[in-house]
Amino acid sequence: MKYQKLVKDSLGIIPLALVLFVLWIIFTGKLNWHHLVLGAVTCLLVSAFSFYLLRGRLDPQLNGRFALRFPLFAGLLFWEIVKANWDVMKRIISPSFPISPQIVDFESYLESDMAKTVLANSITLTPGTVTVDIQGSRFFIHCLHDDFTEDPGSGKLQRMTAWLFSEGPAEMRSLK
């Protein structure tokens with residue numbers, strides 16, 4: 038029984054090894070057998086060592102699904118940051134775009150502390166907004182203008198975070 042549980046639990050190293058292997062291929066840029074075999078073995082060893090050293094210490098939400106979803110989440114977050122940079126730049130350069138700083142609050146449907154932390158950091162990384170405080174499930178955000186406050190409780194960053202962690206109502210977990 039204990040052996041079966043260990044085998045089942047250790048299957049969690051496979052998604053991490055796959056993500057590391059894709060990164061290995063991207064960073065080495067070589068597709069010959071020598072580099073592919075060396076990369077596969079190295080990625081499996083690093084994943085196995087990480088699993089056995091950190092087993093029981095990691096948040097259970099950091100599973101294979103999270104590892105596979107995170108690169109897409111990071112790419113979409115990067116795109117949101119680029120769009121927000123452009124908007125803030127327009128507001129600074131052009132006087133026709135008004136700036137009216139304010140603090141807004143919204144109730145989040147995210148459950149875990151890790152998901153709330155990722156959402157707060159994502160909001161803060163996006164130019165024009167800063168997470169000022171979190172009290173329970175209530176977020177307090179400083180925004181540069183009313184445009185940033187349109188329906189923050191069901192905003193894109195929260196939906197993306199809910200999708201990443203598989204939390205909240207099913208209809209709110211999306212990348213749209």
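Per the numbering used here, residue 38 is the first one in the sequence shown, and the count goes up by one each step. Glycine is no exception: its CB is placed at the ideal position from the N, C-alpha and C atoms. Note that the structure is a prediction, hence the values are computed from the model and not measured.
For a cut-off of 8 Å, the C-beta gap from A104 to V56 is around 5 Å, short enough to register as a contact.
For the 8 Å CB-CB criterion, C80 and A54 form a contact.
Taken through DSSP and simplified to helix, strand or coil, I171 comes out as strand. In the three-state DSSP reduction, H182 falls in the coil class, being neither helix nor strand.
Collapsing the DSSP output to three states places E144 in a strand. Residues of the same chain with a CB within less than 7 Å of the CB of I129, apart from the 5 flanking positions on each side, do not exist.
For F134, no alpha helix (DSSP H) run applies, since DSSP gives it neither H nor E. Judged by their CB atoms, H182 and P135 are nearer to each other than the 8 Å cut-off.
In the displayed model, T163 falls within coil according to three-state DSSP, outside both helix and strand. Judged by beta-carbon spacing, R106 lies within the 8 Å limit of W200, meaning their Cβ atoms are closer than that value.
For K193, the enclosing alpha helix (DSSP H) has its first and last residue at K193 to F202.
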